[in-house]
Amino acid sequence: MRKSRRGRAVGRRCAVACTTGGNRPVTRLIVRNLGCDTAYDEVFRAMRTFTDIREESTPDELWLTEHAPVFTQGQAGRDEYLLAPGDIPVVQSDRGGQVTYHGPGQIVGYLMFDLRRLGLNVRTLVRNIEASLVALLADYGITAAGRADAPGVYVGRDKIAALGLRVRRGYSYHGLSLNVDMDLAPYARIVACGLMGTGVTSMATLTGGCSVAEVTPRLVATLATQYGFDEIDHVVGPHQGSVAASGTPSGG
């Protein structure tokens, strides 16, 4: 049994429970902590499998992790933006966008959402993610904003959070990455997101110090409020159906 956001013990239930006082269906979110140093390609396969096997009654999930160092190429990725990857692996992904970097000290959040159930399209999904990140950063005294010409969140000309999504069968996967307290040096090996002349920054750089452990629950709360989830269940470990169906190995 797990605890819901309302503090009740919960068992296995469908995504939409009864109704609120205003007759709006109660929506449930499973927040899945995948841990640190995860292999991007394994999580990528699990995301695709989860999206393929989920049903209308499947609760939405938010997967959280810190990946082992990796460059990922989006569908629009261009080889010339990989300047000198060196010993950091490059993995082709099916998300939107160009090349980006993931590594320790960066929160990666994968939004496995039923867009029809939430009444969203891709544009509103993206704008809501950006609004959530801007609000979170404001709580830390960081003034940030989105850009009409390039998804993500920026502090001046420096990018602090990247977005990359895909929608299949009406379900989203992939999501966001937020630079919290990480080594930014690997970004010098790429043209991040294909944006020439755009730098990168982190929350720790701008605030003098903060941690993934501190920021993560605040990010979850902000996203849950933005998307109107009423109940949150916290789970540790991968979605077993996705792991089994995708053939993802259990060891590194």
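Numbering-wise (the working numbering), the sequence shown opens with residue -9 and increments by one.
Each residue gets a CB set at the ideal place from its N, CA and C atoms; glycine is no exception.
The closest CA to that of Ala203, considering only Arg107, Gln96, Gly76, Ser167, is found on Gln96.
Contact check for Val89 and Tyr100: beta-carbon distance about 18 Å, past the 8 Å limit, so the pair fails to qualify.
Counting the other CB atoms within 10 Å of its CB gives Glu46 a total below 16, which places it among the exposed residues. Looking at the DSSP output, Gly165 sits in a beta bridge with Tyr100, Gly154.
Judged by DSSP in its simplified three-state form, Arg208 adopts helix.
By the beta-carbon neighbour count (other beta carbons within 10 angstroms, threshold 16), Arg85 is buried. Contact annotation: Ala36 and His229 have beta-carbon atoms nearer than 8 Å. In this structure, Ala140 keeps its C-beta atom at 8 Å or more from the C-beta atom of Asn169. Collapsing the DSSP output to three states places Asn118 in a helix. DSSP places Ala135 outside any alpha helix (DSSP H); the residue lies instead in the beta strand (DSSP E), whose first and last residues are 135 to 137.
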